[in-house]
Amino acid sequence: MLTWKDLINFAVNGNPIPERRVEKTDAEWRQQLTPEQFRITRQKGTERPHSGALCSIYDEGQYNCICCDTPLFDSTIKFESGSGWPSFTQPIKPNAIKYEKDASFGMVRVEVMCNTCDAHLGHVFPDGPEPSGLRYCINSESMQLDSKVEETK
0 MLTWKDLINF AVNGNPIPER RVEKTDAEWR QQLTPEQFRI TRQKGTERPH SGALCSIYDE
60 GQYNCICCDT PLFDSTIKFE SGSGWPSFTQ PIKPNAIKYE KDASFGMVRV EVMCNTCDAH
120 LGHVFPDGPE PSGLRYCINS ESMQLDSKVE ETK
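In this text, residue positions in the sequence shown follow numbering that gives the first Met the number 0: the first is 0, and each later residue adds one.
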């Protein structure tokens, strides 16, 4: 289980190695994504709180990157944070997410991105529920719910 200390270490000293890489030009991303998906994932945008389609959905499945379809989060670790964005306590795998220090808007946060294609997902905070204490606050537009994933547990 990842902890806040692990995430700070990744942000400062380097991220886990992804299983694969997907790289495309802006023109290729624009062709694949909606304008809002492009703004959020490729230009580090943020959707308005409580506006995302995945905020209040708690169906079983996994949440995959909208850009490259990499599995990011499992529905079993999604929780209602009251923040207005889908929230999770852990990534599906430690190397699914990339972490970077974000000092924009006059505050210091940890940005989370897809480790496969560098899509901006949102931010992670150390105020989530136990046992990890993490709250991955993710834009709905950066993910898609795959409810057809077969249970392997």
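Built from N, CA and C at the ideal position, the CB exists for glycine as well. From a predicted model like this one, the values you see are computed outputs, not experimental measurements.
Counting the other Cβ atoms within 10 Å of the Cβ of I39 gives 16 or more, which makes it buried. Between the segment 44-57 and the segment 97-111 there are fewer than three C-beta pairs closer than 8 Å, too few to call the two in contact. Taking every protein chain shown into account, the CB of A26 has fewer than 16 other CB atoms within 10 angstroms, so this residue is exposed. Here K77 is buried. Its C-beta has 16 or more other C-beta atoms within 10 Å. Between the beta-carbon of S131 and that of T88 there is about 5 Å, and that keeps the pair under the 8 Å contact cut. Sequence-distant Cβ neighbours of W3 in its own chain, meaning closer than 7 Å and more than five residues away, are P125, G132, L133. Using a Cβ-Cβ distance cut-off of 8 Å, the segment 66-74 and the segment 107-119 are in contact, since at least three pairs of beta carbons, one from each stretch, lie closer than that value. Excluding residues up to 5 positions away in sequence, F78, T88 lie with their Cβ nearer than 7 Å to the Cβ of P128 in the same chain.
Here K4 carries a helix assignment [DSSP, helix/strand/coil].
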